[in-house]
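In the UniProt record's numbering, the protein residues as written are 1 to 288.
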């Protein structure tokens, strides 16, 4: 135990934690000393920097040792206080998690209701592109619970010559005309049993420009067919990148890349789209 006077740290002859109550030389149990340190810690926050500054000014080995013991004891008290504070935070967090698990509720809403089986879904919030078992493509706004645009019977619901392939791919209960779908907010790419992938464009109002925000204006409620991509096999998966590149896989064992379709669609050239898509596929077939 030390005292600070005249910018010097001098010993009192008592160890820190001893003689706090009772006569000099009396040592308190360790638990009692720890408790007193925690109780006294709010007062030591301002004293600790002063004690550290006074430490180099002390003279004599015994005085320096006593000062160092004081600073170390204060550091220990700070550590204990920090650990206790962290423990209280963890206990409070644990109680909150437990309370949420016991009293939490799951809320569900119906974003779209159609009188057909929904077979495929692609989401670009708040819009969702849906492929049904009849081959229809739908685009809905899930926040307003309403249909935005659609393409009726975009793909046939049944193709007899592909029945065995579809059974291997989807089992006995899948059925459905839409086998794959992708959506980036402006274009919808759908695949079906007819061995084709079709690119559809949202019918944007020309006066509004190419605004892909959730609240863009539409010129009609029908999706515009941009081009048809012949895959020569039932389409099993589609990926539509943000830059407009389309990837398709089909049951003929091929993965195809289509680059020109959506780019030309942005420049309003639908006839060139179909021709460009077919030529690109022929080049890929030759390269393969």
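All C-beta atoms, glycine included, are put in the ideal place defined by N, C-alpha and C.
| query | result |
| --- | --- |
| Is the distance from the Cβ of residue 156 to the Cβ of residue 116 below 8 Å? | no |
| Quick check on the DSSP output: the beta strand (DSSP E) that includes residue 131 runs from which residue to which? | 127-132 |
| Beta-carbon separation of residue 118 and residue 132 under 8 Å? | yes |
| What is the DSSP secondary structure of residue 259, reduced to helix, strand or coil? | coil |
| Can you confirm whether the region 226-238 touches the region 250-263 when touching is taken to mean that 3 or more C-beta pairs between the two stretches lie within less than 8 Å? | yes |
| Work out the CA separation of residue 122 and residue 180 for me, nearest whole Å. | 9 Å |
| Does the Cβ-Cβ distance between residue 127 and residue 110 come in under 8 Å? | no |
| Considering only C-alpha positions, which residue in the set 143, 80 and 242 is nearest to residue 108? | 143 |
| Going by DSSP, which residues form a beta bridge with residue 221? | DSSP, once it has assigned bridges, lists no residue as partnering residue 221. |
| Let me make sure I understand the geometry here. Which of 102, 83, 149 and 103 has the alpha-carbon closest to that of residue 225? | 149 |
| Looking at the secondary structure, which residues open and close the beta strand (DSSP E) in which residue 179 lies? | 178-183 |
| If you measure between the beta carbons of residue 261 and residue 229, is that distance less than 8 Å? | yes |
| Secondary structure at residue 93, three-state DSSP: helix, strand or coil? | helix |
| On the DSSP bridge list, what partners appear for residue 124? | 127 |
| In terms of residues, what are the limits of the beta strand (DSSP E) holding residue 141? | 137-141 |
| Please report the distance separating the alpha-carbon of residue 203 from that of residue 190. | 16 Å |
| Give a yes or no on whether the C-beta atoms belonging to residue 151 and residue 101 are separated by under 8 Å. | no |
| Can you give the Cα-Cα distance for residue 196 and residue 141, rounded to whole angstroms? | 27 Å |
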